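Colleague: The numbering of the sequence shown is my numbering, which starts it at 754 and goes up by one.
What follows is a single structure, and I will ask about it in a moment.
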Amino acid sequence: MSLFTTTYDVIVVGGGHAGSEAAAASANMGAHTLLITMNLQNIAQMSCNPAMGGIAKGQIVREIDALGGYSGIVTDKTAIQFKMLNKSKGPAMWSPRAQSDRMQFAECWRNMLEQTENLDFYQDSVNGLIFDENKIIGVKTNLGLEIKAKTVIVTAGTFLNGLIHIGEKTFGGGRAGEGASTGITEDLVAKGFESGRMKTGTPPRVDGRSLDYSKMTEQPGDDNPKKFSYLPITSVLKEQRSCYLTYTNQTTHDLLREGFDRSPMFNGRIKSTGPRYCPSVEDKINRFADKERHQVFVEPEGWNTVEIYVNGFSTSLPEDIQDKAIRSIPGFENVKFFRYGYAIEYDYFPPTQLTHSLETKLIENLFFAGQINGTTGYEEAAAQGLMAGVNAALKTQNKEPFILKRSEAYIGVLIDDLITKGTEEPYRMFTSRAEYRTLLRQDNADLRLTPKAYELGLASQERLDRVEEKKQKTEETIEFLKKLSVTKEDINPILEKKNLAAISQSMKLYKIAARPQLTFNDFLSIEKLNNFIEENSIDKEIIEQVEIHLKYSGYIEKEKSNADKLNRLENVPIPSSFDYTKVKSLSYEAREKLLKIKPTSISQASRISGVSPSDVSVLLVYMGR
Ligand code: FAD
754 MSLFTTTYDV IVVGGGHAGS EAAAASANMG AHTLLITMNL QNIAQMSCNP
804 AMGGIAKGQI VREIDALGGY SGIVTDKTAI QFKMLNKSKG PAMWSPRAQS
854 DRMQFAECWR NMLEQTENLD FYQDSVNGLI FDENKIIGVK TNLGLEIKAK
904 TVIVTAGTFL NGLIHIGEKT FGGGRAGEGA STGITEDLVA KGFESGRMKT
954 GTPPRVDGRS LDYSKMTEQP GDDNPKKFSY LPITSVLKEQ RSCYLTYTNQ
1004 TTHDLLREGF DRSPMFNGRI KSTGPRYCPS VEDKINRFAD KERHQVFVEP
1054 EGWNTVEIYV NGFSTSLPED IQDKAIRSIP GFENVKFFRY GYAIEYDYFP
1104 PTQLTHSLET KLIENLFFAG QINGTTGYEE AAAQGLMAGV NAALKTQNKE
1154 PFILKRSEAY IGVLIDDLIT KGTEEPYRMF TSRAEYRTLL RQDNADLRLT
1204 PKAYELGLAS QERLDRVEEK KQKTEETIEF LKKLSVTKED INPILEKKNL
1254 AAISQSMKLY KIAARPQLTF NDFLSIEKLN NFIEENSIDK EIIEQVEIHL
1304 KYSGYIEKEK SNADKLNRLE NVPIPSSFDY TKVKSLSYEA REKLLKIKPT
1354 SISQASRISG VSPSDVSVLL VYMGR
């Protein structure tokens, strides 16, 4: 049956973080897009923590924003607290994080999508995929509809054959209160896809009115909060809500241990792997048995709700154990529960089955994005969604795929890691995964990516102009500093204040400003500099760029040169028809992995685990280098 007579350019299955960005990107690129999701009320629902960003993840949100995605805008519009993490470290590590109002977040996303041209919505559950041999041509739904499309992006999150666990209770579901999704995995496996199972969990939500905050430490937001979006349509927070910090103790741990024999984590009922870096509280006390306490962050779920997210207390232990144990935490003695914590197991598809454009290797025009690819986290999902949306739209326009290099974006690192190395446990981004993290900073995502977004049609001329102005003014300010000679009378009072050795003759300000103990603001008393700033409207954002240049240009240049070297290898392509079985001097393991991953370049081949430098040399010889 088909009530839909249109053949869509792009169908997006699932309106989570990946699906919402995918739908926005493809529609904004002019592709006629349909977003099918189980419940239109839950668009971009935050299944777990009501927060966006954090270490490395904050950089991803900035990149999404620079590429014309919506996650940064929605986060700014719904934020209740903002923090720049790692501010004591170098700028490569600065990571923005905001807590959002959970309900407003979903509402704001839906609003933004409703204002997006070329985007249709439909609430139903997709339970099958329609193929024409090795091409996808549409989807089937629970209501029996068949809807045709040139490309399909599956972003089903934790819903595929989802199984929820609380203590000894197990039931089907994609998230608390929502049904699981069946049919898609089965259709894909029948087509030859490999699937696996992963697990994740969430903590209880409690009534904030039942907590005693006097026993906890207040964690306010930043004094001068920033924001995620580079666009002027959002503003920084004027008012913020505080979080609170408390700790588990030995009693909590003993009470939790009482439930271990009824725990699905320990009695073998949960068989799949969970996120290593976001472990459940039972996992923490089991793995780090000698630790006397663990942090518990008490985080409000919004402006107008008393609901509290108990960060750090993710658990699937039985309700009675959760209830008893949490009461032993200072401030939680009289707690009232809104919802108990739970774990969920779900199907994922090892991402080595994808190309860099996130299209599957087995089925043409079929794309996967988000948790279905073995990742965890809203930011990782949203980034993949945006890239899949862009690439599905490009495919319908018969254009080359849009691929970001590892040296261009965390998003490039994320996708390259997934498709080249695969993942056997929920993958989350870290700064350590990026070899060029001094290049991939949160402050320069617009400089790196907005020109690309403009080419794709995802950034306006005005937006591009603003980025070019930022670049130009930064360069002009650096040039000015290089030329500006300052006298000892100008500088020595500043140096003295910082207990630094005085200078005996005039010097270029550029040289002095590079000293680590000094900041740009220290020099604002120099009249010529002040005049330059005023006459050229040099704002805080540009001053920050100049400051980073002054202090880190050595590292930045070194990373650029390393990246250029790698990019030269990136440019040595391996034809898709290349027959590795004929290359006898490859190790057995390398041959097997190369046949599976089918890397498109020597550089990608070199990143596959099991492919050694000598295997790379062999390949280089075959490619005529
Ligand atoms: P989701 O946000 O799950 O969205 C999937 C969407 O697809 C949903 O709207 C769903 O209704 C829809 N859908 C699914 N199947 C179909 C279908 N067949 N037809 C139509 N619509 C469909 N991340 C962390 O980083 N840390 C954590 O600690 C963490 N804990 C989590 C705990 C739980 C219990 C859950 C459920 C998730 C947790 N996450 C955590 C993961 C985080 O929620 C996801 O990484 C992120 O939401 C993934 O985004 P997504 O778009 O891939 O999928």
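We put the beta carbon where it would ideally sit given N, CA and C, even for glycine.
These numbers were taken from a predicted model, which means no experiment stands behind them.
Using a threshold of 7 Å, state whether the C-beta atoms of GLU1300 and PHE1273 are closer than that.
Modeller: Here residue 1300 is taken as the residue at index 547 of the sequence shown, counted from 1. Here residue 1273 is taken as the residue at index 520 of the sequence shown, counted from 1. Yes.
Colleague: Could you check if SER1259 is buried or exposed, using at least 16 other CB atoms within 10 Å of its CB as the buried criterion?
Modeller: As a first step, residue 1259 must be located in the sequence shown, where it is residue number 506. So SER1259 ends up on the exposed side.
Colleague: Assign GLN1298 to one of three DSSP states: helix, strand, or coil.
Modeller: Residue mapping note: residue 1298 aligns to position 545 of the sequence shown, counting from 1. Looking at GLN1298 - three-state DSSP - the assignment turns out to be helix.
Colleague: Taking 6 Å as the cut-off, is the C-beta of ALA771 nearer than that to any heavy atom in the ligand FAD?
Modeller: Residue numbering aside, residue 771 sits at position 18 when the sequence shown is read from its first letter. Under cutoff, so the answer is yes.
Colleague: Using DSSP with H/G/I as helix, E/B as strand and the rest coil, what is ARG950?
Modeller: Taking the first residue of the sequence shown as position 1, residue 950 is located at position 197. Three-state result, ARG950: strand.
Colleague: What residue range does the beta strand (DSSP E) around VAL905 cover?
Modeller: Here the question's residue 905 lines up with position 152 in the sequence shown. It spans 899-907 - the beta strand (DSSP E) in which VAL905 sits, taken as one unbroken run.
Colleague: Leaving out five residues before and five after VAL1364 in sequence, what residues of the same chain have Cβ atoms less than 7 Å from its Cβ?
Modeller: Counting from one through the sequence shown, the residue named residue 1364 turns up at place 611. Once the five neighbours on either side are set aside, the close Cβ partners of VAL1364 are ALA1343, LYS1346, LEU1347, ALA1358.
Colleague: Is ALA1254 near the ligand FAD, in the sense that its beta carbon is under 6 Å from a heavy atom of that ligand?
Modeller: If you number the sequence shown from 1, residue 1254 lands on position 501. Checking the Cβ of ALA1254 against the ligand FAD gives no.
Colleague: Cα separation between ASP857 and TRP1056?
Modeller: Taking the first residue of the sequence shown as 1, we reach residue 857 at position 104. Taking the first residue of the sequence shown as 1, we reach residue 1056 at position 303. A quick correction: the sequence has Gln, not Asp, at residue 857. Their Cα atoms are separated by approximately 9 Å.
Colleague: Can you tell me whether PRO999 sits near the ligand FAD, meaning its C-beta is under 6 Å from at least one heavy atom of the ligand?
Modeller: Here residue 999 refers to the residue found at position 246 when the sequence shown is read from its first residue. Contrary to the premise, residue 999 reads as Thr rather than Pro in this sequence. Result no, Cβ not under 6 Å from the ligand FAD.
Colleague: LEU1372: which of ASP1332, SER1362, LYS1349 sits nearest, CA to CA?
Modeller: Start at 1 with the first residue of the sequence shown, and residue 1372 comes out as number 619. When each option's Cα is compared against that of LEU1372, the closest is ASP1332.
Colleague: What is the residue span of the alpha helix (DSSP H) that ASN781 lies within?
Modeller: Within the sequence shown, numbered from 1, the residue matching residue 781 stands at position 28. From DSSP, the alpha helix (DSSP H) with ASN781 extends over 770-781.
Colleague: Between which two residues does the beta strand (DSSP E) containing SER1442 stretch?
Modeller: Only positions 754 to 1378 of the chain appear in this structure, which leaves residue 1442 out of reach.
Colleague: Below 7 Å between beta carbons: does that hold for SER779 and GLY1130?
Modeller: Indexing the sequence shown from 1 puts residue 779 at position 26. Indexing the sequence shown from 1 puts residue 1130 at position 377. The criterion of a C-beta distance shorter than 7 Å is not satisfied by SER779 and GLY1130.
Colleague: Under 7 Å, do GLY949 and TYR1101 count as touching if we go by C-beta distance?
Modeller: To locate residue 949, count along the sequence shown from 1; it is residue 196. To locate residue 1101, count along the sequence shown from 1; it is residue 348. The answer is yes: Cβ separation under 7 Å.
Colleague: So if DSSP puts SER1238 in a beta bridge, which residue, or which two residues, is it bridged to?
Modeller: Locating residue 1238 in the sequence shown gives position 485, counting from the first residue. SER1238 pairs with LYS1261.
Colleague: Using the DSSP secondary-structure output, state which residues sit across from GLN972 in a beta bridge.
Modeller: What you label residue 972 is simply residue 219 of the sequence shown in a count that begins at 1. Answer is CYS996, bridged to GLN972.
Colleague: DSSP on ASN1118, reduced to helix/strand/coil?
Modeller: Residue mapping note: residue 1118 aligns to position 365 of the sequence shown, counting from 1. Coil at ASN1118, not helix or strand.
Colleague: Let me confirm a value: VAL827 is counted as buried when at least 16 other C-beta atoms fall within 10 Å, else exposed. Which label applies?
Modeller: One-based indexing of the sequence shown puts residue 827 at position 74. With 16 or more Cβ atoms within 10 Å of its Cβ, VAL827 is classed as buried.
Colleague: So GLU1054 and TYR1062 are in contact, right, with Cβ under 8 Å, and what is the actual spacing, rounded?
Modeller: For this step, residue 1054 is matched to residue 301 along the sequence shown. For this step, residue 1062 is matched to residue 309 along the sequence shown. Yes, GLU1054 and TYR1062 are in contact; Cβ-Cβ is about 6 Å, under 8 Å.
Colleague: Which runs of the beta strand (DSSP E) spanning at least 3 residues fall entirely within the region 1293-1354, listed in chain order?
Modeller: Taking only runs of at least 3 residues, no beta strand (DSSP E) segment lies wholly in the region 1293-1354.
Colleague: The ligand FAD and ARG928: does any heavy atom of the ligand fall closer than 6 Å to the residue's C-beta?
Modeller: Residue 928 sits at position 175 when you count from the first residue of the sequence shown. The answer is yes for ARG928.
Colleague: Counting C-beta neighbours from all protein chains within 10 Å, is the total for ILE900 16 or more, i.e. buried, or is it exposed?
Modeller: Here residue 900 corresponds to residue number 147 of the sequence shown, with the count starting at 1. Under this definition ILE900 is a buried residue.
Colleague: Name the one or two DSSP bridge partners that ILE1379 has.
Modeller: With the chain covering 754 to 1378 only, the question about residue 1379 has no answer from this structure.
Colleague: Find out if the Cβ-Cβ distance for the pair GLU886, LEU1139 is shorter than 7 Å.
Modeller: By one-based count along the sequence shown, residue 886 stands at place 133. By one-based count along the sequence shown, residue 1139 stands at place 386. No, they are not a contact pair.
Colleague: With DSSP run on the structure shown, which of helix, strand or coil describes GLY806?
Modeller: Translated into the one-based positions of the sequence shown, residue 806 becomes position 53. Looking at GLY806 - three-state DSSP - the assignment turns out to be strand.
Colleague: Taking 7 Å as the threshold (beta carbon to beta carbon), is GLY1363 in contact with chain B?
Modeller: Of the chains in the structure shown, none is chain B; there is only one protein chain.
Colleague: If we count Cβ pairs, one from each stretch, closer than 8 Å, do we get three or more for the region 1086-1093 versus the region 973-987?
Modeller: The region 1086-1093 is not in contact with the region 973-987.
Colleague: Considering only residues of the same chain and omitting the five flanking positions on each side of ILE1355, which have a CB-CB separation below 7 Å?
Modeller: To locate residue 1355, count along the sequence shown from 1; it is residue 602. The residues are LEU1322, VAL1325, ILE1327, VAL1369, LEU1372, LEU1373, MET1376.
Colleague: Which residue wins for smallest C-alpha separation from ILE789, given the options GLY807, VAL765, GLY769?
Modeller: Locating residue 789 in the sequence shown gives position 36, counting from the first residue. The residue with the shortest Cα to Cα distance from ILE789 is VAL765.
Colleague: Quick one: grab the DSSP three-state call for ARG1015.
Modeller: Here residue 1015 corresponds to residue number 262 of the sequence shown, with the count starting at 1. DSSP places ARG1015 in helix when its eight states are reduced to three.
Colleague: Does the distance from the C-beta atom of ILE1256 to that of ILE1244 stay below 7 Å?
Modeller: Taking the sequence shown and counting its residues from 1, the one referred to as residue 1256 is at position 503. Taking the sequence shown and counting its residues from 1, the one referred to as residue 1244 is at position 491. Contact flag set, yes.
Colleague: Going along the chain, which residues of its own chain have a beta-carbon closer than 7 Å to the beta-carbon of LYS1235, five neighbours each way excluded?
Modeller: Against the sequence shown, residue 1235 aligns to sequence position 482. The residues are LYS1261, TYR1263.
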